[in-house]
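Notes follow the structure.
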Amino acid sequence: MALRTRPRNEFTLSSKVGRLLVASEQPEIEEPFVGGLPFRRVHDYTGAGARRSVEDSLQRMALSHIDIIYVHDLSRDHFDDAAFEHHFAIAEGPGGAFEELVKMREEGLIKGWGMGVNTLEPCLRALHKSDPDIFLLAGRYTLMESTPLAELFPLCAERGAHVVLGGPYNSGFLAGGPNYDYAPASEDKIAQRERLRQVAARHGVELAAAALQFGAAHPVVAATIPGASSPAHLQRNAALMEAPIAAAFWDELRAEQLLPQDAPTPAAAP
Numbered sequence: 004m005a006l007r008t009r010p011r012n013e014f015t016l017s018s019k020v021g022r023l024l025v026a027s028e029q030p031e032i033e034e035p036f037v038g039g040l041p042f043r044r045v046h047d048y049t050g051a052g053a054r055r056s057v058e059d060s061l062q063r064m065a066l067s068h069i070d071i072i073y074v075h076d077l078s079r080d081h082f083d084d085a086a087f088e089h090h091f092a093i094a095e096g097p098g099g100a101f102e103e104l105v106k107m108r109e110e111g112l113i114k115g116w117g118m119g120v121n122t123l124e125p126c127l128r129a130l131h132k133s134d135p136d137i138f139l140l141a142g143r144y145t146l147m148e149s150t151p152l153a154e155l156f157p158l159c160a161e162r163g164a165h166v167v168l169g170g171p172y173n174s175g176f177l178a179g180g181p182n183y184d185y186a187p188a189s190e191d192k193i194a195q196r197e198r199l200r201q202v203a204a205r206h207g208v209e210l211a212a213a214a215l216q217f218g219a220a221h222p223v224v225a226a227t228i229p230g231a232s233s234p235a236h237l238q239r240n241a242a243l244m245e246a247p248i249a250a251a252f253w254d255e256l257r258a259e260q261l262l263p264q265d266a267p268t269p270a271a272a273p
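See the structure below:
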């Protein structure tokens, strides 16, 4: 309802494909969800499934198009190896979700598409096999990890694709929480965070602010999306994105080998 009164060109809307809702007598409830409608979720990475999912969403929302569609959870951290290869072969093959999403982009039902995952492999495979526009990648480009610099980000730059960063705090870890990537943090991760905290303290920087601003500094990154559970969290995240951080802080992270030398960093605070 909040968007209903706004002109369509004033907001960007994304959704997902990869699961279809099938009528069921009882809602399918799993952690961390606490309620639901009377449907069960069925994985479907076919072209027909992708189109049905998009068209169902358009009908429910009474809209003419969706800006971005992500192929959701098509990754080895969600499926075992055999199931992953099975589903990915369907998605990238003739009549699969990738092919249909390209068609829907040409038809104007969507403006762009990509993968919504926690790992690099599906993004790279999609770039090599098809023509994606954007990726929602969670947890892989943060102050704790910069693996996309080696291959994914250069390929995105070459192909004109962009990345939305999910999980810039690594499941709240860089904001002080106990979990890293949805599980209790290991001792080595805790030690790495402590080193980051020590550098931040020397420069009067809040680590959460550095975590948010770091990822957004890369040219292929279109946005970063930290989680928020209240209006106060949203306001805090907005303030952290604007917090001044001196260049000396980023220089010391590089000197301490806590950041790769080639990792772009935000412009120096005035």
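Note that the working numbering has the sequence shown beginning at 4, numbered continuously upward. Just so it is clear, CB atoms sit at the ideal spot from N, CA and C, and this is done for glycine as well. From a predicted model like this one, the values you see are computed outputs, not experimental measurements.
Taking C-alpha atoms, which residue in Ala219, Glu148, Gly230 and Lys132 lies nearest to Pro267?
Mapped onto the sequence shown, residue 267 falls at position 264. Of Ala219, Glu148, Gly230 and Lys132, the residue nearest in Cα terms is Ala219.
Could you tell me if Glu259 is buried or exposed, where buried requires 16 or more neighbouring beta carbons within 10 angstroms of its beta carbon?
Residue numbering aside, residue 259 sits at position 256 when the sequence shown is read from its first letter. Flag for Glu259 reads exposed.
Close-in-space but distant-in-sequence residues of the same chain around Thr49 (CB under 7 Å, 5 per side omitted):
Within the sequence shown, residue 49 is the residue found at index 46, counting from 1. So the qualifying residues of the chain are Ile93, Gly98, Gly99 and Ala100.
Three or more beta-carbon pairs under 8 Å between the region 125 to 132 and the region 102 to 115, yes or no?
The region 125 to 132 vs the region 102 to 115: no contact.
Terminal residues of the alpha helix (DSSP H) in which Met107 lies
In the sequence shown, residue 107 corresponds to position 104, counting from 1. Where Met107 is concerned, the enclosing alpha helix (DSSP H) stretches over Ala100 to Glu110.
Could you tell me whether the region 170 to 184 touches the region 145 to 162, where touching means 3 or more Cβ pairs closer than 8 Å?
yes
Integer-rounded CB distance, given that Glu209 should sit under 8 Å from Ala203
As a first step, residue 203 must be located in the sequence shown, where it is residue number 200. As a first step, residue 209 must be located in the sequence shown, where it is residue number 206. Yes, they are in contact, since the Cβ atoms of Ala203 and Glu209 sit about 7 Å apart, within 8 Å.
Please give me, in chain order, every unbroken run of the alpha helix (DSSP H) with length at least 4 that falls completely inside the region 169 to 257.
190 to 205, 210 to 219 and 234 to 245
For the 8 Å Cβ check, are there 3 or more pairs between the region 72 to 85 and the region 9 to 26?
yes
Cα-Cα, which of Ile248, Tyr185 and Ala212 is closest to Asp80?
For this step, residue 80 is matched to residue 77 along the sequence shown. Nearest in C-alpha terms to Asp80, of all of Ile248, Tyr185 and Ala212, is Tyr185.
Tell me the rounded alpha-carbon separation between Tyr183 and Ala249.
The residue labelled residue 183 in the question sits at position 180 within the sequence shown. The residue labelled residue 249 in the question sits at position 246 within the sequence shown. Those two C-alpha atoms are separated by around 27 Å.
Separation of Ala160 from Arg205, as counted between CA atoms:
Mapped onto the sequence shown, residue 205 falls at position 202. Mapped onto the sequence shown, residue 160 falls at position 157. When rounded, the distance between both Cα atoms is 35 Å.
Going by CA-CA distance only, name the one from Thr122, Ser78, Ala235 and Arg239 that's closest to Thr150.
As a first step, residue 150 is located in the sequence shown; it is residue number 147 there, counting from the start. Of Thr122, Ser78, Ala235 and Arg239, the residue nearest in Cα terms is Thr122.
Three-state class that DSSP yields for Phe42 in the structure shown
To locate residue 42, count along the sequence shown from 1; it is residue 39. Strand.
Does DSSP put Leu146 in a helix, a strand or coil?
Indexing the sequence shown from 1 puts residue 146 at position 143. Leu146 falls in the coil class under three-state DSSP.
Unbroken beta strand (DSSP E) run spanning Ile113, endpoints
If you number the sequence shown from 1, residue 113 lands on position 110. Counting along the chain, the beta strand (DSSP E) containing Ile113 begins and ends at Ile113 to Val120.
Where does His165 fall in DSSP's three states?
As a position in the sequence shown, residue 165 is number 162, starting the count at 1. In this structure, His165 counts as strand in the three-state DSSP scheme.
Ala26 by DSSP, collapsed to three states: which one?
Residue numbering aside, residue 26 sits at position 23 when the sequence shown is read from its first letter. Note: Ala26 maps to strand in three-state DSSP.
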